[in-house]
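Peer 1: Take a look at the following structure, please.
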Amino acid sequence: MRGFLHSGWLLLTGTIGCDPGELPETPVTAGIPPHLLVPATLEEGGLVTCADPSRRATEPLVATPGSPLQGEPVYRAHGAGAVVGDFNGDDQMDILVLSDEVAEFYVAGVGGELLRMHDGWTDSTAPIGRGFGTSAADYDGDGDLDIYIARYGRENVFLQNDGAGFFTDVAPELGMTGPAEGRHSSVTWADIDNDGDLDLTVAGHGFVDERLGDASMFGPGERTLLYRNEGDGTFTEVGDLIPEPIHYAFSFTATYLDLDGDGWRDLYMANDFGSAHSPAYLAWNRQGTFVLDDNAAALDVHISAMGTGVGDFNGDGQWDFLLPAWGYMNFMLSTESGVWFDYADAVGLVPAAEGNQKVGWGAELADVDNDADLDAVVVFGYIQTRTGNNSLGQPNGIWLQGDDGLMTQVSREWGFDHRGSARGLVVADLNDDGYLDMVVPDLAGPSMLYYATCGDRSWLKIRLDQPGMNPDAIGARVKITTDGGVQERMLFAGGTSLASGGPPELHFGLGDHEVVETLQVSWPDGKISVLEDVAASQTVEIHRAP
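Under the numbering used here, the first residue of the sequence shown is numbered 9, with each subsequent residue one higher.
Shown next, in the form of structure tokens:
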């Protein structure tokens, strides 16, 4: 990223009375143990202004079909996911969309337009069809994003990037294909053993025979795969670390985050057929081994959970969960007692009663209007079943949070009510204007790109950089403070939405605030960097000192 070094970075040496390995306490670092503080520099991208902010009032989103394909039969599961990231090193966002026959790769052109790249997979060993879920991360620390694709009824694919956006499938040589006819869904990268590199979880779903009618007759589900990164370019499958009740569940997402503050990333799995098989399950990470919570936190929800949205909705410093299901959604908000409760009805986060929003899938909690609070985006889609009626065309949903914490659906007003059969969802800033765009793969028609129209509200995008095998700092938490309050985000690589993954960056809406007073990075290893007085409406990169 082009820019300059911010003059307000924290100083490591030259303070009398401080240990050379510790940073001195300042007002903004008060309360942080000195041994946890590490210096970091801030590289600023420069102020971005909106050429015509008045346009946003009448056209918040611009819908653009992103694929010439007409989609697959809507009863099929594959073709669900997408991943967004800079795959060829040109500092622009590219998109990979999965479909039945091929993986469609779009690269950003010189003017920002997306160009379909027909030969992007020429170094791959086979055509990439039957893709279900995907996400990307720099697993080998070489500075580019690699892609893992979970497939339905096929071996999985692991695409190693050469840095220029050309890929080689290394799954066979690494022993990471999974079973020949596996049925896996989502892909999640996270450091589960705190050794500094990224491990890989491939959520197993399974074969569903609708002729049986009763979901209790299905199963068992596909085995979830857990690959431990050995740090030398190889992986070891250690799926037995996952407790039995969720090991063979019909899982859609596997989300890693530290919920008990012990420094180890816990596992929350959203599972299909939760009333008949395994519910959504929380498993505590006990130094690399997972132990079931036994519903002490009330997160073991017995629903058909189709996806997962994550964010600190109520501002209490703990993560909340949005779980779309069949005909409703569970919005699990944390409380001071350490227990989560469903607040979906209380805040108005419910599908439209007369809008055919029947089956919810991918979901994200994000600030789509840049007003400094979290909103909700959920996509909907038909599924062939004997157990309930649902429309072939189901409109997607956007709910905006008001000042009172209540949610209002604005899908029709925003032009997001396209009636299709969606599954995956990526919410990311595709064109660096500070407003979040949306990628929606569709099983019944062309994939849809929704470009947000920029406005006059402030924002901040943050990219992280650290030494080692996890250079993008996947798993880090960033907390910002303005005179309007505190916001916090976590950097994921898969594990939210459904079958999809976003770029390694964090977005904050700031409303009318033009300065972030303090910016605190909690790095994946628990070390902390604090910066002050960061200007809004720009993309910044925070470089951790070696």
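Virtual Cβ for every residue (Gly too), placed ideally from N, Cα, C. These numbers come from a predicted model, not from an experiment.
Which of the three DSSP states, helix, strand or coil, is assigned to Val355?
Peer 2: DSSP places Val355 in helix when its eight states are reduced to three.
Peer 1: Note down, in chain order, each residue of its chain lying with its Cβ closer than 6 Å to the Cβ of Gln168, except the 5 sequence neighbours on either side.
Peer 2: Excluding sequence neighbours, Gln168 sits near Asp154, Thr176, Val178.
Peer 1: Under 8 Å between the Cβ atoms of Val104 and Phe140?
Peer 2: Here the sequence assigns Leu to residue 104, which means Val is not the residue at that position. The answer is no: Cβ separation not under 8 Å.
Peer 1: Do we get a CB-CB distance below 8 Å when we pair Ala333 with the residues of chain D?
Peer 2: Among the protein chains of the structure shown there is no chain D, as only one such chain exists.
Peer 1: Taking a contact to mean a Cβ-Cβ separation below 8 Å, would you say Tyr458 touches Phe424 in this structure?
Peer 2: Result yes, Cβ atoms of Tyr458 and Phe424 sit closer than 8 Å.
Peer 1: How many Å lie between Pro41 and Gly534 at the Cα?
Peer 2: Roughly 11 Å between the two C-alpha positions.
Peer 1: Candidates Tyr147, Ala188, Asp152, Asp146: which alpha carbon is nearest Gly161's?
Peer 2: When each option's Cα is compared against that of Gly161, the closest is Ala188.
Peer 1: Tell me whether Thr72 is buried or exposed, calling it buried when 16 or more other Cβ atoms sit within 10 Å of its Cβ.
Peer 2: It is exposed - the Cβ of Thr72 has fewer than 16 other Cβ atoms within 10 Å.
Peer 1: Name the one or two DSSP bridge partners that Gly456 has.
Peer 2: The question names Gly, but residue 456 in the sequence shown is Met. Paired residue(s): Pro73, Val448.
Peer 1: Are there 16 or more other CB atoms within 10 angstroms of the CB of Thr209, so buried, or fewer, so exposed?
Peer 2: Buried, since its Cβ has 16 or more Cβ neighbours within 10 Å.
Peer 1: Are the region 484-498 and the region 316-330 in contact at 8 Å, needing three or more beta carbon pairs?
Peer 2: With the cut-off at 8 Å, the region 484-498 and the region 316-330 touch.
Peer 1: Please report the straight-line C-alpha distance between Val418 and Ile136, rounded to a whole angstrom.
Peer 2: Distance between the alpha carbons of Val418 and Ile136 is about 36 Å.
Peer 1: Between the Cα of Asp411 and those of Ser399, Thr244, Gly149, Asp377, spot the shortest distance and give me the residue it belongs to.
Peer 2: With distances taken between Cα atoms, Asp411 lies closest to Asp377.
Peer 1: Using the three-state DSSP reduction, which class does Ile470 fall into: helix, strand or coil?
Peer 2: Correct three-state label for Ile470: strand.
Peer 1: Let me make sure I understand the geometry here. Which of Met101, Ala354, Met337 has the alpha-carbon closest to that of Asp152?
Peer 2: When each option's Cα is compared against that of Asp152, the closest is Met101.
Peer 1: Report yes if the C-beta distance between Gly453 and Gly370 is below 8 Å; otherwise report no.
Peer 2: Cβ atoms of Gly453 and Gly370: not closer than 8 Å.
Peer 1: Starting from the Cα of Gly171, find the closest Cα among Gly183, Gly149, Thr185, His192 and give me that residue.
Peer 2: Among Gly183, Gly149, Thr185, His192, the Cα nearest to that of Gly171 belongs to Gly149.
Peer 1: Could you round the C-beta distance between Asp464 and Cys58 to whole angstroms and report it? I think they count as a contact, below 8 Å.
Peer 2: Indeed, because the Cβ distance is near 6 Å, the residues count as touching under 8 Å.
Peer 1: Among Thr244, His213, Gly241, which residue has its Cα nearest to the Cα of Gly229?
Peer 2: That would be His213, whose Cα lies nearest to the Cα of Gly229.
Peer 1: I believe Asn164 touches His192 by the beta-carbon criterion, under 8 Å. Please report the beta-carbon distance rounded to the nearest angstrom.
Peer 2: With 8 Å as the limit, Asn164 and His192 qualify as a contact, their Cβ atoms being about 6 Å apart.
Peer 1: In the DSSP assignment, what are the bridge partners of Gly517?
Peer 2: According to DSSP, which records beta bridges pairwise, Gly517 is partnered with Trp467.
Peer 1: Just verifying my parser: in three-state terms, what is the DSSP assignment at Ile254?
Peer 2: In the structure shown, Ile254 sits in a helix (DSSP, three-state: H, G or I).
Peer 1: Where do the N-terminal and C-terminal ends of the beta strand (DSSP E) with Trp348 fall, by residue?
Peer 2: 348-350 is the span of the beta strand (DSSP E), which, as asked, contains Trp348.
Peer 1: For Ala262, count neighbouring Cβ atoms within 10 angstroms of its own Cβ and tell me buried if that reaches 16, exposed if not.
Peer 2: Its Cβ being crowded by 16 or more others within 10 Å, Ala262 is buried.
Peer 1: Using only the alpha-carbon positions, how far apart do Tyr256 and Ala291 sit?
Peer 2: So the alpha carbons of these two residues sit roughly 14 Å apart.
Peer 1: Report the three-state DSSP secondary structure of Gly212 (helix, strand or coil).
Peer 2: In this structure, Gly212 counts as strand in the three-state DSSP scheme.
Peer 1: Extract the residue ranges of the beta strand (DSSP E) inside the region 391-446, only unbroken runs of 3 or more that lie entirely within it.
Peer 2: Here the runs fully enclosed are 405-409, 415-417, 434-436.
Peer 1: Nearest CA to the CA of Met340: which residue from Ala360, Ala278, Asp379, Asp520?
Peer 2: Nearest of Ala360, Ala278, Asp379, Asp520 to Met340, Cα basis: Ala278.
Peer 1: State the DSSP-derived secondary structure class of Leu501, mapped to helix, strand or coil.
Peer 2: The question names Leu, but residue 501 is Ala in the sequence shown. Note: Ala501 maps to strand in three-state DSSP.
Peer 1: Determine whether the beta carbon atoms of Val542 and Val523 lie at a separation below 8 Å.
Peer 2: Their beta carbons are under 8 Å apart, which means Val542 touches Val523 by this criterion.
Peer 1: Check whether the region 387-407 touches the region 510-528, taking contact to mean three or more Cβ pairs, one atom from each stretch, closer than 8 Å.
Peer 2: The answer is no - the region 510-528 does not touch the region 387-407, with fewer than three Cβ pairs under 8 Å.
Peer 1: Rounding to the nearest angstrom, what Cα-Cα distance links Ala241 and Thr142 in this structure?
Peer 2: Checking the displayed sequence, the identity of residue 241 turns out to be Gly instead of Ala. In a straight line, the C-alpha of Gly241 is about 20 Å away from that of Thr142.
Peer 1: Going straight from the alpha carbon of Leu275 to that of Val447, what length do you get?
Peer 2: Approximately 26 Å, taken between the alpha carbons.
Peer 1: So, at 6 Å on beta carbons, what are the nonlocal neighbours of Thr130 in its own chain, with the 5 sequence-adjacent residues on each side left out?
Peer 2: Here the model assigns Thr130 a pLDDT of 39, short of 50, so the residue's position is not dependable, and the following value carries that caveat. Hits under 6 Å: none found.
Peer 1: Is the beta carbon of Gly346 sitting closer than 8 Å to the one on Phe329?
Peer 2: Contact flag unset, no.
Peer 1: DSSP three-state call for Leu182: helix, strand or coil?
Peer 2: Three-state result, Leu182: helix.
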